[in-house]
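Read through the structure below, which is laid out as structure tokens, and then see the notes.
Numbering (the UniProt record's numbering), first residue to last: 1 to 270.
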């Protein structure tokens, strides 16, 4: 299941309503009376307005929706576990660095642990995004026509084709890089920034134990850079990719919108 296949699947999918997609080329809006694969057969009950499914199919779809929601909840819980471990590990290692003579090594360990947890959470997020995509397909194109007050059908597009293709050959909807960028912007950016602040304070001689601040003169900066060049080099190796990943994720933050702020200030993506 490669990322390219996932993006191709999403590009043709019946996307979230917030993206405002019209039906795909060649796809027509389904009539209010049905016309789907389960409609029109002998002895088949007529489907509800705007929903081209018979009663038995609706029952099966309800069970399918419940199963996908359970998968979504499980993977969301697994993501939260990784986030909790990241917070606990960061705060614990930072507390240890304040009173340990080898603070540089502890801070490097903290950065390494955060990177590992970011990769783990991004991998789990990719699975979570698959189940969320399926649920949004059902909510937008199956449940919404049922609860629509005027009883008219909505522009459907090729959502059944896309959902069928994903059931037969499941694919990721986002790449690993995009998943890492989303989790970085949502949670890990603040933890990495906290470690960077503590690292710079350690280099410049700012000590929370004594409350004394070093004289931040040009000579002091020069001496600090000379004495901690190896530590700064290792920090650069850890943080330069973070900057690139942050820029990439920030540029793609509005590609797929999940929720809208009632005040219209900004869209929100989990």
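Using N, Cα and C, we set each Cβ at its ideal position, and we do this for glycine too. All of these numbers come straight from a predicted model, not from anything done at the bench.
Shown here, residue 228 sits in coil according to DSSP, grouped into three states, outside any helix or strand. Nearest to residue 118 by C-alpha distance, out of 231, 245, 184 and 249, is 184. For residue 143, there is no enclosing alpha helix (DSSP H), as DSSP marks it with neither H nor E.
The beta carbon of residue 97 sits closer than 6 Å to the beta carbons of 103, 106 and 107 from its chain, once the five residues preceding and following it are set aside; these are given in chain order. Per the C-alpha coordinates, the member of 179, 60, 62 and 70 positioned closest to residue 253 is 179.
By the C-beta density criterion, residue 173 is buried, having at least 16 other C-beta atoms within 10 angstroms. Relative to the Cα of residue 235, the nearest Cα in the group 249, 63, 193 and 247 belongs to 193. For residue 88, the number of other beta carbons within 10 angstroms of its own is below 16, and it is reported as exposed. Of all alpha-carbon atoms in 58, 143, 114 and 122, the one lying nearest the alpha-carbon of residue 76 is that of 122. Straight-line spacing of the CA atoms in residue 191 and residue 63 works out to 40 Å. Secondary structure of residue 112 (DSSP, three-state): helix. Take the alpha-carbon of residue 158 and the one of residue 145: they are about 15 Å apart.
Secondary structure note for residue 195: its alpha helix (DSSP H) is the uninterrupted segment 189 to 204.
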